[in-house]
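Chemist:
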Amino acid sequence: MMTDLWQISLTVTDQADVFSEMIDAAVDAETLSTHRDHDDEPWQVMLITTHAPDKAAVARAIGEAERITGLAASGLSVVGLPPTDWLAENRKSFPPLDIASFWIYGNYVTDPVPDGKIGLKIDAGEAFGSGTHATTHGCVAMLERHCPAIEGLTIADIGCGSGILAMAAAKLHPQAVIIAVDNDPIAVEVAAQNCADNDVGFIKTGLSDGYKAELVQSHAPYDVILANILPNPLIEMSEDAVAALAADGVIILSGLMTMHRDKVVTAHESLGLRLIDHMVVNDWVTLVMGRA
1256 MMTDLWQISL TVTDQADVFS EMIDAAVDAE TLSTHRDHDD EPWQVMLITT
1306 HAPDKAAVAR AIGEAERITG LAASGLSVVG LPPTDWLAEN RKSFPPLDIA
1356 SFWIYGNYVT DPVPDGKIGL KIDAGEAFGS GTHATTHGCV AMLERHCPAI
1406 EGLTIADIGC GSGILAMAAA KLHPQAVIIA VDNDPIAVEV AAQNCADNDV
1456 GFIKTGLSDG YKAELVQSHA PYDVILANIL PNPLIEMSED AVAALAADGV
1506 IILSGLMTMH RDKVVTAHES LGLRLIDHMV VNDWVTLVMG RA
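Take any residue in the sequence shown, note its place counting from 1, add 1255, and you have its number in the numbering used here.
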């Protein structure tokens, strides 16, 4: 899939998170990061969007951050990035991954699965979610830790991408009823093929905008809900998620950085959930929540 992206970058001496969060609120970024190589160097702030950002809105956000912090930003850059072939990038950056009980590998890898590991062969195709991301790592680990071994287990993977989380669940609990949905028809097609290739074709795949499709509604409530998306969609879908969750169920949420943790937790706590567990991998957070 060829995708046009835009990058916003700037430099600040301190309080980089304030600047990144203010700009994010103005442009609804897909990803954001703050870093510096050494303690005596300034912070680099970078945000990526999938749409051309409103430069005036960016300037206003920076001005407000400067007012709050008393610090001046420098080196502002708003540039379009060249279209990226995500399939090619996935293949270049997708060595086999050792996550919990799983050995996750691309369909071009010929080495055997190590003894004692559960193999998952993934062709990300034109779908996101190949397992290389830290959030996928956290979700798989939390799934293995918190998925209950009960009769009649029901699991939903919302925003399934390549289907990796649903397939991991199926390997751990082959008797479970599992659905995997995405709002991208290409992702649904890729996920269905990956399920077939990994002998978990019993997973029901389909197109859904969040929890709205009949496939999702008809199998609720769920003992486990997996949602590795982005912070804002997680918050927007929180009411639907809680409504679809079984009384003793757990929801595993990811796709967020540490700076977004509190707002995602608060949104779900306001609906009667509590934080049970969490994992941080390279500043990306996975949350496990259940009913209070």
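The beta-carbon is built from N, C-alpha and C at its ideal position, and this holds for glycine as well.
None of these values were measured; they are calculated from a predicted model.
1) Does the Cβ-Cβ distance between GLY1393 and VAL1536 come in under 8 Å?
2) Quick one: give me the first and last residue of the beta strand (DSSP E) that PHE1357 is part of.
3) Sort out for me which residues DSSP pairs SER1275 with in a bridge.
4) Contact defined as beta carbons within less than 8 Å: I believe ASN1599 pairs with ILE1354. What is the distance between those atoms, to the nearest angstrom?
5) Can you find at least 3 beta carbon pairs, one from the stretch 1529 to 1547 and one from the stretch 1295 to 1313, that sit closer than 8 Å?
6) Out of curiosity, what's the CA-to-CA distance linking GLY1465 and ASN1483?
7) Tell me whether GLN1262 sits in a helix, a strand or coil according to DSSP, three-state version.
8) Would you call the CB atoms of TYR1360 and PRO1351 closer than 8 Å?
9) Assign ALA1421 to one of two classes, buried (16 or more other C-beta atoms within 10 Å of its C-beta) or exposed (fewer than that).
10) At a cut of 8 Å, does the stretch 1316 to 1332 reach the stretch 1268 to 1288 through at least three beta carbon pairs?
11) Are the beta-carbon atoms belonging to LEU1526 and GLY1510 less than 8 Å from one another?
12) Check the C-beta distance from SER1329 over to MET1301 and give it rounded, since I have them as a contact under 8 Å.
13) Where ALA1425 and PRO1440 are concerned, what is the direct C-alpha to C-alpha distance, given to the nearest angstrom?
14) Kindly indicate which three-state DSSP category LYS1376 falls into: helix, strand or coil?
15) Rounded to whole angstroms, what's the CA-CA distance from THR1521 to LEU1528? Just pull it up for me.
16) In whole angstroms, give me the CA-to-CA distance for MET1257 and LEU1336.
17) What does DSSP give as the partner residues of THR1541 in its beta bridges?
18) Below 6 Å CB to CB, which residues in the same chain sit around HIS1290 once its five sequence neighbours on both sides are set aside?
19) Rounded to the nearest angstrom, what separates LEU1398 and PHE1274 at their Cα positions?
20) From LEU1427 to MET1544, what distance separates their C-alpha atoms?
21) From which residue to which residue does the beta strand (DSSP E) around ALA1502 run?
22) What does the Cβ neighbour count give for PHE1457, buried or exposed, with the cut at 16 atoms within 10 Å?
Modeler: Inspection of the coordinates gives the following:
1) Their beta carbons are under 8 Å apart, which means GLY1393 touches VAL1536 by this criterion.
2) Bounds of the beta strand (DSSP E) holding PHE1357 are 1357 to 1361.
3) Note: SER1275 sits in no beta bridge, so no partner.
4) Only positions 1256 to 1547 of the chain appear in this structure, which leaves residue 1599 out of reach.
5) No, the stretch 1529 to 1547 does not touch the stretch 1295 to 1313.
6) Each residue's Cα considered, the two are about 12 Å apart.
7) Three-state DSSP puts GLN1262 in a strand.
8) Contact: yes.
9) Counting Cβ neighbours within 10 Å, ALA1421 comes out buried, since at least 16 surround it.
10) Inter-segment contact for the stretch 1316 to 1332 and the stretch 1268 to 1288 is present: three or more beta-carbon pairs are separated by less than 8 Å.
11) Going by C-beta atoms, LEU1526 is not nearer than 8 Å to GLY1510.
12) Between the beta-carbon of SER1329 and that of MET1301 there is about 14 Å, and that puts the pair past the 8 Å contact cut.
13) In a straight line, the C-alpha of ALA1425 is about 22 Å away from that of PRO1440.
14) Reduced to three states, the DSSP call for LYS1376 is strand.
15) Roughly 9 Å separates the two Cα atoms.
16) Unreliable placement is indicated for MET1257, whose pLDDT of 46 sits below 50; the coordinate value is still reported in the next sentence. Roughly 11 Å separates the two Cα atoms.
17) DSSP lists MET1534 as partners of THR1541.
18) Excluding its 5 nearest sequence neighbours in each direction, HIS1290 has C-beta neighbours in its own chain below 6 Å: GLN1299, listed in chain order.
19) Taking the straight line joining both Cα atoms gives about 34 Å.
20) Each residue's Cα considered, the two are about 20 Å apart.
21) For ALA1502, the enclosing beta strand (DSSP E) begins and ends at 1500 to 1512.
22) With fewer than 16 other beta carbons inside 10 angstroms of its own, PHE1457 counts as exposed.
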